[in-house]
Amino acid sequence: TCHGINELYASGPLQDMTFSVSEGTIGIHVIYQFTIEPPAVSLRLSGEKDGVIEIASTSGYLYLNGSLDRENKAIHRLQVEALNVTGQKEKGPYSITINVQDINDNPPKFEKSKYFGVVWQNSRPGSNIGTLRATDMDQENTLNSRLQFRIVDQNPKIPLDNLFIIQQEAGTFQLSRSSLNKRVVSNYFVRVEVTDKVFTTLCDVKINVIDINDQIPIFEKSDYGILIILEDTPVGEVILEIQATDADEPFTGSSQIIYQIEEGDQNKNFIIETDTKTNRGFVKINKVLDFEMSSTYNLTVKATNPEPLVQGVQYNSSSTAYFGVVVVDVNEVPVFSQNIYIGNIFEDVPVGTLVMTVTANDPEGDQIRYSLKSNNRNWLRIDTFSGEIYTAAPLDREVEHEYKVEVTATEENTKSQSSTAVFMLYIKDVNDNPPRLAKGNHLFFCHPLHGGVRAEIQATDDDEQLYSPEFTFSLGGGENIKSDWEISRIDGTHAYLSPKHTNLEEKQYSIPLIINDNGKPPLEGNLDLQGLVVGGVFLKMKNKKRKELKKNAVESAELKSLR
Numbered sequence: 001t002c003h004g005i006n007e008l009y010a011s012g013p014l015q016d017m018t019f020s021v022s023e024g025t026i027g028i029h030v031i032y033q034f035t036i037e038p039p040a041v042s043l044r045l046s047g048e049k050d051g052v053i054e055i056a057s058t059s060g061y062l063y064l065n066g067s068l069d070r071e072n073k074a075i076h077r078l079q080v081e082a083l084n085v086t087g088q089k090e091k092g093p094y095s096i097t098i099n100v101q102d103i104n105d106n107p108p109k110f111e112k113s114k115y116f117g118v119v120w121q122n123s124r125p126g127s128n129i130g131t132l133r134a135t136d137m138d139q140e141n142t143l144n145s146r147l148q149f150r151i152v153d154q155n156p157k158i159p160l161d162n163l164f165i166i167q168q169e170a171g172t173f174q175l176s177r178s179s180l181n182k183r184v185v186s187n188y189f190v191r192v193e194v195t196d197k198v199f200t201t202l203c204d205v206k207i208n209v210i211d212i213n214d215q216i217p218i219f220e221k222s223d224y225g226i227l228i229i230l231e232d233t234p235v236g237e238v239i240l241e242i243q244a245t246d247a248d249e250p251f252t253g254s255s256q257i258i259y260q261i262e263e264g265d266q267n268k269n270f271i272i273e274t275d276t277k278t279n280r281g282f283v284k285i286n287k288v289l290d291f292e293m294s295s296t297y298n299l300t301v302k303a304t305n306p307e308p309l310v311q312g313v314q315y316n317s318s319s320t321a322y323f324g325v326v327v328v329d330v331n332e333v334p335v336f337s338q339n340i341y342i343g344n345i346f347e348d349v350p351v352g353t354l355v356m357t358v359t360a361n362d363p364e365g366d367q368i369r370y371s372l373k374s375n376n377r378n379w380l381r382i383d384t385f386s387g388e389i390y391t392a393a394p395l396d397r398e399v400e401h402e403y404k405v406e407v408t409a410t411e412e413n414t415k416s417q418s419s420t421a422v423f424m425l426y427i428k429d430v431n432d433n434p435p436r437l438a439k440g441n442h443l444f445f446c447h448p449l450h451g452g453v454r455a456e457i458q459a460t461d462d463d464e465q466l467y468s469p470e471f472t473f474s475l476g477g478g479e480n481i482k483s484d485w486e487i488s489r490i491d492g493t494h495a496y497l498s499p500k501h502t503n504l505e506e507k508q509y510s511i512p513l514i515i516n517d518n519g520k521p522p523l524e525g526n527l528d529l530q531g532l533v534v535g536g537v538f539l540k541m542k543n544k545k546r547k548e549l550k551k552n553a554v555e556s557a558e559l560k561s562l563r
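Numbering-wise, the sequence shown is residues 1 to 563 according to full-length UniProt numbering.
Okay, structure coming up:
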């Protein structure tokens with residue numbers, strides 16, 4: 001225990017010690033005196049002193065120079081050592097443990113400054129409204145932290161006081177009597193205190209009295225008659241307004257009205273939306289109507305509340321209304337089975353090949369005639385009655401590989417209507433174009449010839465190239481051609497043409513060239529290269545031509561050969 005400095009206190013040699021000290025002690029209080037045995041001359045204290053626990057180094061007094069707070073630290077752990085005249089340790093360290101004992105120095109606190117609860121009117125006594133919770137920082141499970149609740153005030157005191165009770169230990173807030181009436185008092189304000197026998201804390205509780213659902217919705221009239229509407233009435237359009245009223249508290253689940261079509265609308269063609277402010281119902285088209293599927297509807301509508309009715313109250317015929325709908329036929333356009341038709345075909349199919357069959361139906365069952373629009377190249381034709389689409393001319397992917405036309409379906413009656421779909425024909429490639437030169441076939445060589453002179457040629461193909469093109473190059477003609485000229489491959493599209501010797505005459509040579517592609521089946525291109533071995537006056541023309549090409553920033557095989 002804690003001893004005043006002028007009171008008796010225990011003393012003894014250095015050893016491990018444990019003390020209990022009350023929190024909140026004011027002033028200087030000696031806890032214990034350690035005896036100092038030679039050759040030790042002083043003591044040294046270390047550890048969790050917190051600026052309050054100290055030791056008189058030469059007299060050995062262990063004392064408090066202020067107050068401890070258990071809620072801040074419940075146990076302090078320290079060490080004490082004996083020192084000689086040179087300050088070296090002679091004995092120790094020994095452990096000192098100080099347990100701080102609790103006192104009731106903390107007031108209880110509510111978890112919330114204000115609480116809100118609800119209770120149904122005419123609820124039974126003992127009905128729970130909510131639980132108030134409070135805490136106390138003093139030591140748990142002691143009298144210092146034991147809390148008790150009490151109601152200190154109720155406002156208004158109508159129809160009488162003490163309408164509510166609170167469980168003293170648990171804080172459970174309950175109804176004590178069943179005399180609440182929403183129409184008399186809708187809100188109560190209750191003040192509650194919590195105490196630990198020393199401190200008291202207050203909080204406010206607001207209790208909302210909720211109306212019970214003891215009134216059913218009543219329609220202003222039970223029969224809204226027959227509605228006549230066209231089958232093409234837009235989805236979402238309001239075709240009827242209905243109204244029911246409810247005497248329960250406004251803008252609550254007890255008075256809010258939900259309208260439901262209970263009978264006569266298996267396909268959910270209609271929907272009813274409610275204005276939450278007025279409880280007015282708006283009957284709308286929910287799906288496209290179809291006279292051919294159903295021309296009449298006899299509908300039963302029920303008005304209910306989202307909140308359940310109290311026991312003993314049930315919905316009756318006053319909450320039910322009826323109306324009928326007669327759908328009037330309109331002449332509708334034919335309907336294609338698809339908005340877009342897609343076909344694929346090779347470009348070499350015979351004329352008259354069936355490509356696609358399109359279908360459309362008329363809701364009234366009229367006969368339909370088919371035709372094509374935007375058939376700009378006249379590559380297709382359509383059977384007027386069956387909708388079968390055939391090729392009408394040879395196709396050419398290199399001219400157009402995505403051929404788009406419009407298909408029109410037209411009713412065959414006095415008030416004909418039509419609709420249109422898109423037919424997209426993707427034309428697939430076949431190897432029907434032989435290779436050719438990408439640029440001109442004139443090659444120029446300067447006379448006199450020098451060793452190593454050569455001209456570059458490039459091949460191309462109008463067919464679709466799925467992969468990198470691979471062409472093979474060879475010379476045609478007789479042995480004279482092959483004795484004067486040779487061709488060497490650079491890559492899959494390029495090759496060099498070179499004179500085999502330097503004593504060629506100054507003139508124009510016609511050189512047969514063969515280019516083969518790698519298609520299936522492969523095609524061969526035969527053409528004549530014009531090799532000009534020139535000099536003299538032509539060189540001036542060549543230089544002039546080169547300057548013109550450079551001026552126009554034109555890169556060509558001709559410019560390359562001139563270089």
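Glycine included, every Cβ here is placed at the ideal spot set by N, Cα and C.
Straight-line spacing of the CA atoms in residue 519 and residue 357 works out to 32 Å.
Apart from sequence neighbours up to five positions away, the residues of its chain that approach residue 338 with a beta-carbon distance below 8 Å are 358 and 421, ordered along the chain.
About 16 Å separates the beta carbons of residue 311 and residue 210, which is beyond the 8 Å limit, so they are not a contact pair. When DSSP states are grouped into helix, strand and coil, residue 368 belongs to the strand group. Shown here, residue 257 sits in coil according to DSSP, grouped into three states, outside any helix or strand.
Straight-line spacing of the CA atoms in residue 261 and residue 297 works out to 11 Å. In the three-state DSSP reduction, residue 484 falls in the helix class (H, G or I).
When Cβ pairs closer than 8 Å are counted between the two stretches, the stretch 77-94 is seen to touch the stretch 35-48, the count reaching three or more. According to the DSSP assignment, residue 29 belongs to the beta strand (DSSP E) that extends over 28-34. Distance from the CA of residue 346 to the CA of residue 419, rounded to the nearest whole angstrom, comes to 29 Å. The C-beta of residue 277 has fewer than 16 other C-beta atoms within 10 Å across all chains shown, which makes the residue exposed. By the 16-neighbour rule on beta-carbons within 10 angstroms, residue 70 is buried. Across the set 395, 402 and 371, the C-alpha of 371 shows the shortest separation from the C-alpha of residue 387. Around the C-beta of residue 397, 16 or more other C-beta atoms lie within 10 Å, and the residue is accordingly described as buried. DSSP places residue 169 in no beta strand (DSSP E); its state is neither H nor E. Assignment of residue 337 by DSSP, reduced to helix, strand and coil, places it in the coil class.
Counting only unbroken stretches of 4 or more residues, no alpha helix (DSSP H) element lies wholly within the stretch 367-422. Contact annotation: the stretch 400-408 does not touch the stretch 473-493, with fewer than three C-beta pairs closer than 8 Å. The way I'd put it, the stretch 183-194 does touch the stretch 148-158; three or more beta-carbon pairs between them come closer than 8 Å.
Residue 175 places its beta carbon less than 8 Å from that of residue 123. Excluding residues up to 5 positions away in sequence, 136, 138, 139 and 196 lie with their Cβ nearer than 7 Å to the Cβ of residue 145 in the same chain. For residue 118, the enclosing beta strand (DSSP E) covers residues 114-120. Shown here, residue 347 sits in coil according to DSSP, grouped into three states, outside any helix or strand. Residue state for residue 231 is assigned as coil, using DSSP reduced to three classes. Residue 178 and residue 125 have their C-alpha atoms some 5 Å from each other.
Under the three-state reduction of DSSP output, residue 475 falls in the strand class.
For a cut-off of 8 Å, the C-beta gap from residue 514 to residue 524 is around 6 Å, short enough to register as a contact. For the set 341, 317, 67 and 94, the Cα lying nearest the Cα of residue 217 is the one of 317.
Within a 10 Å sphere around the beta-carbon of residue 243 sit 16 or more other beta-carbons, which makes this residue buried.
Taking the C-beta atoms as reference points, residue 201 is found no nearer than 8 Å to residue 116. Here the alpha carbons of residue 42 and residue 60 stand approximately 8 Å from one another.
Under the three-state reduction of DSSP, residue 176 is assigned to coil, being neither helix nor strand. Of the other Cβ atoms in all chains shown, fewer than 16 fall within 10 Å of the Cβ of residue 230; this residue is therefore exposed.
Nearest to residue 251 by alpha-carbon distance, out of 55, 471, 305 and 199, is 305.
If the five residues before and after residue 528 are omitted, its C-beta is found closer than 8 Å to the C-beta atoms of 441, 510, 511, 512 and 513, all from its own chain and listed in chain order. For residue 109, the beta-bridge partners assigned by DSSP are 135.
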